[in-house]
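Accompanying notes for the structure given below.
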Amino acid sequence: MTNIGSSAQSKFIRAGVMGWPVDHSLSPKVHGYWLRHYAIEGEYIRIPVTPDEFTARLRNLQRDGFAGVNVTVPHKEAALATVDEAHPLAQRIGAVNTVVVRKDGSLYGFNTDGFGFLENLKAGFADFKTATGPAVVLGAGGAARAIVVTLLDAGTPEVRILNRTKSRAEQLADELHRIDGASLIVGDWTRRADYLDGAALLVNTTTLGMKNQLPLDLDLTALPSTALVNDIVYVPLETDLLARARIRNNPTVDGLGMLLHQARPGFEAWFGHLPDVTDELRTEVLAGI
Ligand code: ATR
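Quick note on my numbering: the sequence shown kicks off at 1169 and runs consecutively.
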């Protein structure tokens, strides 16, 4: 993700996050921390953009003085359709979350969600190897898509997808089979506990367990005690799933690190420095939640 070459000419560099709504995005806090920490002259701002305006606003990034932007809900698919060139990984995921304005003014898009996911696992549990055994992914939305593609690329021998709406999981599996020849196992949501048997990794990508949402109802009995359990929900930091996994001695990794790590390649592309995820950054971001 390096050497993409941003177009920023002046010393002051501007980037931001486009979304609708975007008020609750934590990205300005993350990038703001790094800008201060590395004493870089620049800013990272919230850019509220409606779906109607999105394509034009993205195309005008250079005119508006931006080195690039992050793109969040609901614009990630539209960003893929709008950029002049997209990284192959973003094409397979079907979404762009990071855009760089290149020197010639053209837009380059990539997707750092899977990078953030994997870096978070590695940082939280150094012993984890993606190729060790089957992974169980709960959910089939945008986050699940990035995670499944990343797990396949990282050599996970078997990926099992369980989603409330089974057709959505089947569609994801069919698409990835067409693109990658990947064989994914799609199961019934009601039988999700059975699919934990023999798993090396369990990831919750659904919104279940998030503050003000229902908890994730999942019997962990069949899950090997060696399996790593990760929740991409980070409010609360320790979800009910992670707490129950911890009590039965499974290694666990919370979801905050995915948010922090996915921000790193964009920061590097725009501001010229690959930043670190530190405890101080985690503490600062947590204080804002
Ligand atoms: P994201 O892009 O962040 O992954 P999303 O596309 O809205 O968000 O996906 C949310 C996921 O949570 C989906 O897998 C959704 O299941 P459906 O595809 O059936 O909607 C899942 N989810 C949300 N509420 C749920 C619930 N009450 N029970 C089970 N799954 C739920």
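All residues carry an ideal CB built from backbone N, CA and C; glycine is no exception.
Keep in mind it's a predicted model, so treat the numbers as computed, not measured.
Boundaries of the alpha helix (DSSP H) in which residue i is found, first to last residue
| i | result |
| --- | --- |
| Tyr1201 | 1195 to 1205 |
| Val1241 | Neither: Val1241 is in no alpha helix (DSSP H) and is coded neither H nor E. |
| Val1453 | 1447 to 1455 |
| Ile1213 | No alpha helix (DSSP H) holds Ile1213; the beta strand (DSSP E) holding it covers 1210 to 1216. |
| Gly1282 | 1281 to 1292 |
| Asp1408 | 1408 to 1415 |
Residues near residue i by beta carbon distance below 7 Å, same chain, minus five either side
| i | result |
| --- | --- |
| Asp1447 | none |
| Ser1393 | Arg1416, Asn1417, Asn1418 |
| Arg1332 | Trp1357 |
| Asp1281 | Asn1265, Ala1311, Ala1314, Gln1430 |
| Asn1288 | Val1421, Gly1425, Met1426, His1429 |
| Val1241 | Gly1187 |
| Val1251 | Val1264, Val1267, Leu1275, Tyr1276, Gly1277 |
| Thr1218 | Trp1188 |
Alpha carbon of residue i to alpha carbon of residue j, nearest angstrom
| i | j | result |
| --- | --- | --- |
| Arg1227 | Gly1236 | 11 Å |
| His1429 | Gly1284 | 4 Å |
| Gly1277 | Leu1306 | 27 Å |
| Lys1379 | Val1403 | 6 Å |
| Gly1349 | Gly1210 | 43 Å |
| Met1169 | Arg1336 | Because Met1169 sits at a pLDDT of 48, beneath the cut-off of 50, its placement in the model cannot be relied upon, and the following sentence gives the value as read from the coordinates. Going by the C-alpha atoms only, they are around 30 Å apart. |
| Ala1314 | Ala1411 | 25 Å |
| Tyr1206 | Gln1339 | 43 Å |
| Arg1414 | Asp1422 | 11 Å |
| Glu1406 | Leu1396 | 14 Å |
| Val1198 | Ala1341 | 33 Å |
| Ser1274 | Ile1457 | 35 Å |
| Phe1439 | Leu1454 | 24 Å |
| Ala1247 | Gln1230 | 15 Å |
| Gly1184 | Leu1286 | 24 Å |
| Ser1351 | Glu1343 | 10 Å |
| Ser1193 | Asp1365 | 36 Å |
| Lys1290 | Asn1398 | 11 Å |
| Ala1308 | Leu1330 | 8 Å |
| Asn1279 | Asn1238 | 10 Å |
| Tyr1363 | Lys1334 | 14 Å |
Helix, strand or coil at residue i according to DSSP, with G and I counted as helix
| i | result |
| --- | --- |
| Gly1423 | coil |
| Phe1439 | helix |
| Asn1398 | strand |
| Gly1182 | The displayed chain sequence assigns Arg, not Gly, to residue 1182. Arg1182 falls in the strand class under three-state DSSP. |
| Val1403 | coil |
| Arg1225 | helix |
| Ala1263 | coil |
| Leu1306 | strand |
| Ala1350 | coil |
| Gly1233 | coil |
| Gly1187 | strand |
| Ala1254 | strand |
| Leu1344 | helix |
| Pro1383 | coil |
| Pro1219 | coil |
| Thr1324 | coil |
| Thr1389 | coil |
| Asp1295 | coil |
| His1192 | coil |
| Asp1362 | helix |
| Ala1431 | coil |
For residue i: DSSP bridge partner residues
| i | result |
| --- | --- |
| Thr1374 | Its beta-bridge partners do not exist; DSSP assigns none. |
| Val1269 | Leu1275 |
| Asp1356 | Asn1331 |
| Leu1369 | Ala1303, Leu1396 |
Span of the beta strand (DSSP E) around residue i
| i | result |
| --- | --- |
| Arg1328 | 1327 to 1331 |
Beta-carbon contacts of residue i that lie in its chain and below 8 Å, excluding the five residues immediately before and after
| i | result |
| --- | --- |
| Ala1367 | Gly1301, Pro1302, Ala1303, Val1304, Arg1328, Leu1391, Pro1392, Ala1395 |
| Asp1408 | Gly1377, Pro1383, Leu1384 |
| Ala1464 | The first residue shown for the chain is 1169 and the last is 1457, placing residue 1464 beyond what the model contains. |
| Pro1325 | Ala1299, Gly1301, Pro1302 |
| Lys1179 | Glu1209 |
| Glu1452 | Lys1197, Tyr1201 |
| Ile1400 | Phe1285, Ala1311, Ile1315, Val1371, Asn1372, Thr1373, Gly1423, Met1426 |
| Arg1260 | Val1317, Leu1344, Ile1347, Asp1348 |
Same chain, Cβ closer than 6 Å to residue i, neighbours up to 5 away in sequence not counted
| i | result |
| --- | --- |
| Arg1182 | Glu1211, Gly1233, Phe1234 |
| Thr1375 | Gln1381 |
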